[in-house]
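Here's the structure, in structure tokens; my notes come after.
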Amino acid sequence: MAIKKITGTPVGLIAWVCTAHVASMLCYAIYPTLLPQLQREWGASNSAAGLISGMFFAGYMASVPVLSGLTDRVDARRVYFFSSLLCAFGSLGFALFAQGVWTASLFQGLTGAGIAGTYMPGLKALTDNLGDRAQSRAVSFYTAVFGFGASFSILLAGAIAAALGWRWAFALSALGPLAAGLMILVGLPRRRPPAARRRALLDMRPVLANRAARGYIFGYTLHCWELLGSRSWMVAFFVFSESLARGGPWPWSPVLIAAIANLFGPGASVLGNELALRYGRNRVVPVVMVCSGLCTCLFGLLSGMPWYAIVALSFVMLGLHMGDSSALTSGMVVNSDPGMRGASMALHSMLGFGAGFVAPLAFGAVLDASGGNASPTAWMLAYASLGLFGVFAPLFLRLR
């Protein structure tokens, strides 16, 4: 079978799973991209708009311990496939039934739960079929294409909403995870997880007892606070900055800029991992974190600057945001116990996307408390609430 020939080699397998990963994420950024429009339509406060963004990550956080943990017991392909159906259901439900903050939050939560069962279980399915030498770079490419998935999702949301309305943007995005689920189910071989010491499904104490993996898990949590909080509000910040422009509308739309900015992430993620392999993760990751945090704090100061300055720094910022992503995740994978790798991925992802739940909500709360989204000072403080975590993270992390 042609598909089996493609996935029968390490390069083909990585390409196949990464393509499915991009498709699975078409639902990922629809709401953040359309946040300004939906906030106006529903009369939502910044805190309420941030809550809807955060509910995606709340659904993710609540589901990932179970769904990723199950991959230590059952074939990761099955977890991935059924989760892709849940993701599609959440996006389609948003299209059909979302009428305000609470219904939107419900379906965002379901979409996030679906992504929880495709992201790390997809990585588990990939690494289960590769030897140890190929795993680090496979993790690097897999986590890097997250940025491609986010960019395609942003472009899809903007283009379809402009042509057909926002409900169609959510509805058509559901096709992505459906295709991804079929790709993984058909393209990867069946695998029975190796027998391991039995533990309660939600018992994460053995994972936390592994000091080598623990540092990378906590580092990923801080990474996600900054990255996911920034992504959730980026289009809204561009819309605000454009409203201050003296020369009228920007040459590029806020949606297009956000999509292009996210494309700087994959290359930066792969480069960061290669540097980490060469010079050591414990050296490279802290440097990237500090630079990323400083850049985020600076970005919040630029709302009144020329559009090209804002755009240029957004590209740099997204690159730095992703510069430590692959290094942190591959560090967790290679330092985890093979018999508890699914549980390690579960905790890694749960804490990371848990930060992704709180960060957009905290960002919106800072905006509301500091003068609202028409205040440059409020935006400055909101971005500082993200960036300062990266600046001070190396003081607390212990990486090996």
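Per my numbering, the very first residue in the sequence shown carries number -4; after that it's consecutive.
Note that the Cβ used here is the ideal one computed from N, Cα and C, for glycine as well.
Model, not experiment: these values are computed from the prediction.
Inter-residue spacing [alpha-carbon to alpha-carbon] between Ala158 and Pro5: Here residue 158 refers to the residue found at position 163 of the sequence shown. Here residue 5 refers to the residue found at position 10 of the sequence shown. Between Ala158 and Pro5, the C-alpha separation is close to 40 Å.
For Ala388, the nearest candidate out of Gly288, Tyr274 and Asn41 (CA to CA): Taking the sequence shown and counting its residues from 1, one reaches residue 388 at position 393. With distances taken between Cα atoms, Ala388 lies closest to Gly288.
Buried versus exposed, by CB contacts within 10 Å (16 or more), Gln94: Here residue 94 is taken as the residue at index 99 of the sequence shown, counted from 1. So Gln94 ends up on the exposed side.
Residue interval of the alpha helix (DSSP H) (run including Val283): On the sequence shown, position 288 is the one that residue 283 refers to. From DSSP, the alpha helix (DSSP H) with Val283 extends over Arg276 to Phe294.
Cα-Cα separation, Ala56 to Gly351: The residue given as residue 56 occupies position 61 in the sequence shown. The residue given as residue 351 occupies position 356 in the sequence shown. It should be noted that the sequence gives Met, not Ala, for residue 56. Going from the Cα of Met56 to the Cα of Gly351 covers about 9 Å.
Start-end ranges of the alpha helix (DSSP H) lying completely within the region 156 to 187, minimum 4 residues: Every alpha helix (DSSP H) stretch that sits fully inside the region 156 to 187 and reaches 4 residues is listed by chain position as 161 to 168 and 170 to 182.
Span of the alpha helix (DSSP H) around Pro60: Start at 1 with the first residue of the sequence shown, and residue 60 comes out as number 65. Taken as a continuous stretch (DSSP letters only), the alpha helix (DSSP H) holding Pro60 covers Asn41 to Leu65.
C-beta atoms of Ser264 and Thr122 nearer than 8 Å: Stepping through the sequence shown from its first residue, residue 264 is reached at position 269. Stepping through the sequence shown from its first residue, residue 122 is reached at position 127. Not closer than 8 Å, so no.
C-alpha distance - Pro244 paired with Ser238, whole-angstrom precision: If you number the sequence shown from 1, residue 244 lands on position 249. If you number the sequence shown from 1, residue 238 lands on position 243. Between the alpha carbons of Pro244 and Ser238 lies a distance of about 8 Å.
Complete alpha helix (DSSP H) runs within the region 59 to 146 (minimum length 4 residues, chain order): Listed in chain order, they are 71 to 92, 96 to 111, 114 to 123 and 127 to 139.
Buried or exposed by the 16-neighbour rule on C-beta atoms within 10 Å, applied to Arg415: Residue 415 lies beyond the residue range present for the chain, which begins at -4 and ends at 395; the question has no answer from this structure.
Under 8 Å between C-beta atoms of Ala175 and Ala18: Within the sequence shown, numbered from 1, the residue matching residue 175 stands at position 180. Within the sequence shown, numbered from 1, the residue matching residue 18 stands at position 23. Against a cut-off of 8 Å, the Cβ pair of Ala18 and Ala175 comes out as a contact.
Beta-carbon proximity check, Gly334 vs Thr66, cutoff 8 Å: For the purposes of this step, residue 334 is identified with residue 339 of the sequence shown, where counting begins at 1. For the purposes of this step, residue 66 is identified with residue 71 of the sequence shown, where counting begins at 1. At least 8 Å separates the beta-carbon of Gly334 from that of Thr66.
Spatial distance of Leu183 from Ser42 (CA atoms): If you number the sequence shown from 1, residue 183 lands on position 188. If you number the sequence shown from 1, residue 42 lands on position 47. Approximately 42 Å between the Cα atoms of the pair.
Validate contact between the region 104 to 113 and the region 61 to 80 using beta carbons, cut 8 Å, 3 pairs: Touching, yes, given that three or more Cβ pairs across the two stretches are closer than 8 Å.
N-terminal and C-terminal residue of the alpha helix (DSSP H) that Phe391 is part of: Position 396 of the sequence shown, counted from the start, is the residue given in the question as residue 391. If you look at Phe391, you'll find it isn't in any alpha helix (DSSP H); DSSP assigns it neither H nor E.
Assigned exposure category for Phe391 - 16 Cβ within 10 Å defines buried: On the sequence shown, residue 391 is found 396 positions in, with the first residue counted as 1. Flag for Phe391 reads exposed.
Which of helix, strand or coil DSSP assigns to Tyr211: By one-based count along the sequence shown, residue 211 stands at place 216. It is helical.
Straight-line gap, Phe233 to Ala120 (C-alpha atoms, nearest Å): Mapped onto the sequence shown, residue 233 falls at position 238. Mapped onto the sequence shown, residue 120 falls at position 125. Between the C-alpha atoms of Phe233 and Ala120 there is a straight-line separation of about 38 Å.
Inter-stretch contact (C-beta, 8 Å, three-pair minimum) for the region 346 to 363 and the region 281 to 297: Taking 8 Å as the limit for Cβ pairs, the verdict is that the region 281 to 297 does not touch the region 346 to 363.
Run of the alpha helix (DSSP H) containing Pro355, from where it starts to where it stops: If you number the sequence shown from 1, residue 355 lands on position 360. Taken as a continuous stretch (DSSP letters only), the alpha helix (DSSP H) holding Pro355 covers Arg336 to Ala364.
Distance, Ser48 Cα to Gly171 Cα: Mapped onto the sequence shown, residue 171 falls at position 176. Mapped onto the sequence shown, residue 48 falls at position 53. One C-alpha to the other measures close to 20 Å.
Between the CA atoms of Phe143 and Glu269 - distance to the nearest angstrom: Against the sequence shown, residue 269 aligns to sequence position 274. Against the sequence shown, residue 143 aligns to sequence position 148. About 19 Å.
With 16 other Cβ atoms within 10 Å as the buried cut-off, status of Pro261: As a position in the sequence shown, residue 261 is number 266, starting the count at 1. Its Cβ being crowded by 16 or more others within 10 Å, Pro261 is buried.
Cβ pair count under 8 Å reaching 3, the region 317 to 327 against the region 208 to 222: Touching, yes, given that three or more Cβ pairs across the two stretches are closer than 8 Å.
Cβ pair Phe84, Leu105 closer than 8 Å: Reading the sequence shown from its first residue, position 89 is the one you call residue 84. Reading the sequence shown from its first residue, position 110 is the one you call residue 105. Contact check for Phe84 against Leu105 passes: the beta carbons are separated by less than 8 Å.
Trp220 beta carbon less than 8 Å from that of Leu381: For the purposes of this step, residue 381 is identified with residue 386 of the sequence shown, where counting begins at 1. For the purposes of this step, residue 220 is identified with residue 225 of the sequence shown, where counting begins at 1. A contact, by the Cβ cut-off of 8 Å.
Cβ pair Asp70, Arg185 closer than 8 Å: Counting from 1 along the sequence shown, the entry for residue 70 is found at position 75. Counting from 1 along the sequence shown, the entry for residue 185 is found at position 190. Yes, the pair counts as a contact, with Cβ atoms nearer than the cut-off.
N- and C-terminal bounds of the alpha helix (DSSP H) containing Pro27: On the sequence shown, residue 27 is found 32 positions in, with the first residue counted as 1. Taken as a continuous stretch (DSSP letters only), the alpha helix (DSSP H) holding Pro27 covers Ile25 to Trp37.
Residue burial classification, Tyr75 (beta-carbon count within 10 angstroms, cutoff 16): Residue mapping note: residue 75 aligns to position 80 of the sequence shown, counting from 1. Burial call: buried.
Closest Cα partner of Val12 within the set Ser168, Thr291 and Leu180: Here residue 12 refers to the residue found at position 17 when the sequence shown is read from its first residue. Among Ser168, Thr291 and Leu180, the Cα nearest to that of Val12 belongs to Leu180.
Cβ separation of Gly295 and Met375, assumed to be a contact under 8 Å, to the nearest whole Å: The residue labelled residue 295 in the question sits at position 300 within the sequence shown. The residue labelled residue 375 in the question sits at position 380 within the sequence shown. That pair is a contact at about 4 Å.
Opening and closing residue of the alpha helix (DSSP H) in which Ser19 lies: Residue mapping note: residue 19 aligns to position 24 of the sequence shown, counting from 1. Ser19: member of the alpha helix (DSSP H) spanning Pro5 to Ser19, first to last residue.
Residue range of the unbroken alpha helix (DSSP H) whose run includes Leu424: Residue 424 cannot be examined here, being either before or after the span of the chain that is shown, -4 to 395.
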